[in-house]
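Colleague: Here you go, one structure.
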Amino acid sequence: MIVRILGEGQFRLDDASSAKLTVLDKDVDAAVHAGDEAVFKMALGAAVKLVREDGVPVPDDEFVTADYILPFSDATIDEVRKLLTDGTIHGDPTAP
Amino acid sequence: MSVMKRVSLIFRAKADKALDRMEDPRETLDYSYKQQVEMLTRVRRGVADVATSRKRVELQMTSLQKEIAKRTTQAKTALEQGREDLARAALQARGQLEQQYDDLQAQYTQLQDQEEKLTVASQRLDAKVQAFRTRKETIKATYTAAEAQTRINEAFSGISEDMGDVGLAIQRAEDKTAQMQARAGAIDELLASGALEDHVGGGADYIQAELDKLGATAGVDDQLAAMKREIANNAPRQIEANGDGGESTSADDVPAAQQPQAGDGA
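Shown next, in the form of structure tokens:
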């Protein structure tokens, strides 16, 4: 599947790595729900590391949309919540 | 639904909404390309803004270093003059300056980080936009309007995600820069008015004022000592002169309280 890390672009992951990411995704999710910044940082860090290491960058001339989008590697829970709550992408003037 | 999935859907929804509004698919390509070029300008300006902020912090750090060095010199001078109280005050002031310096250092690192990230984002978008331009022309030339629809949607949605990504990155950098500028403005004002000393030293650099006073006092003391020596050198001769005057009573016999009078009388 295709995964984007905000600020770092898109990566293509094989099935094995995708399965691993799905597990980490649950950790990230739980941390956001619990509001536990330390756990969130750790889970997000692990997910980002996995995608960077196992993923292959999508070439510039390939136009696809991501199945998963990871927050910025140094994002906070607040930032993620803000994005999820209002569903708007701040700073993006192309948003309708 | 998981966080990562939801974020991806937010991005996709944005692209879908934009696509729904477009009537002519080919226009979509040109319109999107125009927006991409504008976004490139924005992100480049963003990089320049962060760099400006970073340089400003750099200058402030240099100024603070000078202040820190000044306090160190003051502490040494005060100790040499035997004024431990002043030395202590100077070191306390230095401690506060050092704390401010460390704060700035941390912010400097953050700005540097933002600058790097935004630079990379700008380069990535640049490459993507170049590729989009080629794709756009290929689609226009090769396919009929009806055939082109799917390919246009792909290209548009794909790059739309990049635009959202870069947009967020610019927003983040702008937020950091704004925070930074508010603080930098305050420190600039303090440094310019010399009030930083006021702020950290509890007085318009009263330490320096005290040290200057000590310096001035030392000068006066020297002059006083010189005058006293002069007087002391002259006085015995005057007393001797009195003695030579044939008075029977020697200077030693005169009670201390009367001695000046004896001198006065001479």
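Top line first, the protein sequences correspond to chains A and B. Read in order, the letters of the first sequence correspond to residues 1 to 96 in the numbering used here. Read in order, the letters of the second sequence correspond to residues 1001 to 1266 in the numbering used here. Every residue, glycine too, gets a C-beta built ideally from N, C-alpha and C. Only a predicted model underlies this, so the values are computations on that prediction, with no experimental measurement involved.
#1: State the Cα-Cα distance for the pair B:Arg1054 and A:Lys20, rounded to the nearest angstrom.
#2: If we cut at 8 angstroms on Cβ distances, does A:Ala16 have a partner in chain B?
#3: Does the Cβ of B:Gln1107 lie closer than 7 angstroms to at least one heavy atom of the ligand ATP?
#4: Residues of chain B with CB under 7 angstroms from A:Ala66, in chain order?
#5: Leaving aside the five residues before and after B:Thr1077 along the sequence, list all residues of the same chain whose C-beta is less than 7 angstroms from its C-beta, in chain order.
#6: According to DSSP, simplified to helix, strand and coil, what is A:Gln10?
#7: If we ignore side chains and look at the alpha-carbon of each, how far apart do B:Arg1094 and B:Thr1217 end up?
#8: Who are the near neighbours of B:Ala1173 in its chain, counting only those whose CB is closer than 7 angstroms to its CB and skipping five residues on each side?
#9: Evaluate B:Thr1138 with the Cβ neighbour count: other Cβ atoms within 10 Å of its Cβ, from every protein chain shown; 16 or more gives buried, anything less gives exposed.
#10: Is it a yes or a no for the stretch 42–58 of chain A touching the stretch 1129–1136 of chain B, going by three-plus beta-carbon pairs under 8 angstroms?
#11: Is it true that the CB of B:Ser1008 sits closer than 8 angstroms to the CB of A:Asp14?
#12: Can you tell me where the beta strand (DSSP E) holding A:Val3 begins and where it ends?
#13: How would you call B:Arg1229, buried or exposed, if buried means at least 16 neighbouring beta carbons within 10 angstroms?
#14: Return the CA-CA distance between A:Ala43 and A:Asp60, expressed in angstroms with no decimal places.
#15: Considering only DSSP beta bridges, list what A:Leu70 is partnered with.
#16: For A:Leu6, which residues in the same chain have their Cβ closer than 6 angstroms to its Cβ, ignoring the five residues on either side in sequence?
#17: With burial defined as no fewer than 16 other Cβ atoms inside 10 Å of the residue's Cβ, what is the status of B:Met1039: buried or exposed?
#18: Please list, in chain order, the chain A residues whose beta carbon lies closer than 8 angstroms to that of B:Lys1005.
#19: Please list the terminal residues of the continuous alpha helix (DSSP H) segment that includes A:Phe40.
#20: Is the Cβ of A:Arg39 closer than 8 angstroms to any Cβ of chain B?
#21: Assuming B:Ala1145 contacts B:Arg1026 (C-beta within less than 8 angstroms), just tell me the rounded distance between them.
#22: Using the rule of at least 16 other Cβ atoms within 10 Å of the residue's Cβ for burial, across every protein chain shown, is A:Gly9 buried or exposed?
#23: Given that A:Gly9 touches chain B, what residues does it touch there, using C-beta distances under 7 angstroms?
#24: Is it right to say B:Arg1071 is buried, meaning 16 or more other beta carbons lie within 10 angstroms of its own, or is it exposed?
#25: With a threshold of 8 angstroms, are at least 3 pairs of Cβ atoms found where one atom belongs to the stretch 1153–1166 of chain B and the other to the stretch 1003–1023 of chain B?
#26: Applying the criterion that 16 or more other CB atoms from any shown protein chain within 10 Å of the CB defines a buried residue, is B:Ile1187 buried or exposed?
#27: List, in chain order, every chain A residue whose beta-carbon is nearer than 8 angstroms to that of B:Arg1135.
#28: So, does the CB of B:Lys1117 fall closer than 8 angstroms to a CB anywhere in chain A?
#29: Starting from the Cα of B:Gln1149, find the closest Cα among B:Gln1110, B:Ala1182 and B:Leu1029 and give me that residue.
#30: Around the Cβ of B:Gly1215, are there at least 16 other Cβ atoms within 10 angstroms (buried) or fewer (exposed)?
#31: Does DSSP put A:Pro57 in a helix, a strand or coil?
#32: Between which two residues does the alpha helix (DSSP H) containing A:Ala31 stretch?
#33: Should A:Arg4 be flagged as near chain C, meaning a C-beta pair shorter than 8 angstroms?
#34: In this structure, does DSSP put B:Ala1218 in helix, strand or coil?
Modeller: According to the structure shown:
#1: Their Cα atoms are separated by approximately 39 angstroms.
#2: With respect to chain B, the C-beta atom of A:Ala16 has no partner C-beta closer than 8 angstroms.
#3: In the structure shown, the ligand ATP is absent, as is every other ligand, since no ligand is present at all.
#4: Result: Ser1008 and Glu1161.
#5: Contacts found: Leu1211.
#6: Correct three-state label for A:Gln10: strand.
#7: C-alpha separation (whole angstroms): 26 angstroms.
#8: Within its own chain, the residues whose Cβ lies closer than 7 angstroms to the Cβ of B:Ala1173, once the five positions on either side in sequence are excluded, are Gly1046, Val1050, Gln1114 and Leu1118, listed in chain order.
#9: Flag for B:Thr1138 reads exposed.
#10: A contact is defined here as three or more CB-CB pairs under 8 angstroms, and the stretch 42–58 of chain A fails this definition with respect to the stretch 1129–1136 of chain B.
#11: At a Cβ-Cβ threshold of 8 angstroms, A:Asp14 and B:Ser1008 do not count as neighbours.
#12: That run of the beta strand (DSSP E) goes Ile2 to Ile5.
#13: Residue environment for B:Arg1229: exposed (fewer than 16 other C-beta atoms within 10 angstroms of its C-beta).
#14: In a straight line, the C-alpha of A:Ala43 is about 28 angstroms away from that of A:Asp60.
#15: Beta-bridge analysis with DSSP links A:Leu70 to A:Ile5.
#16: Excluding residues within five positions, the ones whose Cβ falls inside 6 angstroms are Pro71 and Phe72.
#17: Result: buried.
#18: Under the 8 angstroms cutoff, chain A gives Asp25, Asp67 and Tyr68.
#19: First-last of the alpha helix (DSSP H) with A:Phe40: Glu37 to Asp54.
#20: First, the residue type needs correcting, since residue 39 of chain A is Val and not Arg in the sequence shown. Chain B, which has no Cβ nearer than 8 angstroms to the Cβ of A:Val39, makes this no.
#21: Going by Cβ atoms, the distance from B:Ala1145 to B:Arg1026 rounds to 6 angstroms, so yes, they are a contact pair.
#22: Classification of A:Gly9: buried, given that the 10 Å Cβ count is 16 or more.
#23: Correct list: Arg1124.
#24: Under this definition B:Arg1071 is a buried residue.
#25: Because the criterion of three Cβ pairs below 8 angstroms is met, the stretch 1153–1166 of chain B and the stretch 1003–1023 of chain B touch.
#26: Buried, since its Cβ has 16 or more Cβ neighbours within 10 Å.
#27: Result: Asp61 and Phe63.
#28: Against chain A, the CB of B:Lys1117 has a partner CB under 8 angstroms away; the residue lies at that interface.
#29: Of all alpha-carbon atoms in B:Gln1110, B:Ala1182 and B:Leu1029, the one lying nearest the alpha-carbon of B:Gln1149 is that of B:Leu1029.
#30: B:Gly1215 should be labelled exposed.
#31: A:Pro57 falls in the strand class under three-state DSSP.
#32: DSSP places A:Ala31 inside the alpha helix (DSSP H), whose first and last residues are Asp15 to Ala34.
#33: The question asks about chain C, but that chain is absent: this structure's protein chains are A and B.
#34: Three-state DSSP puts B:Ala1218 in a helix.
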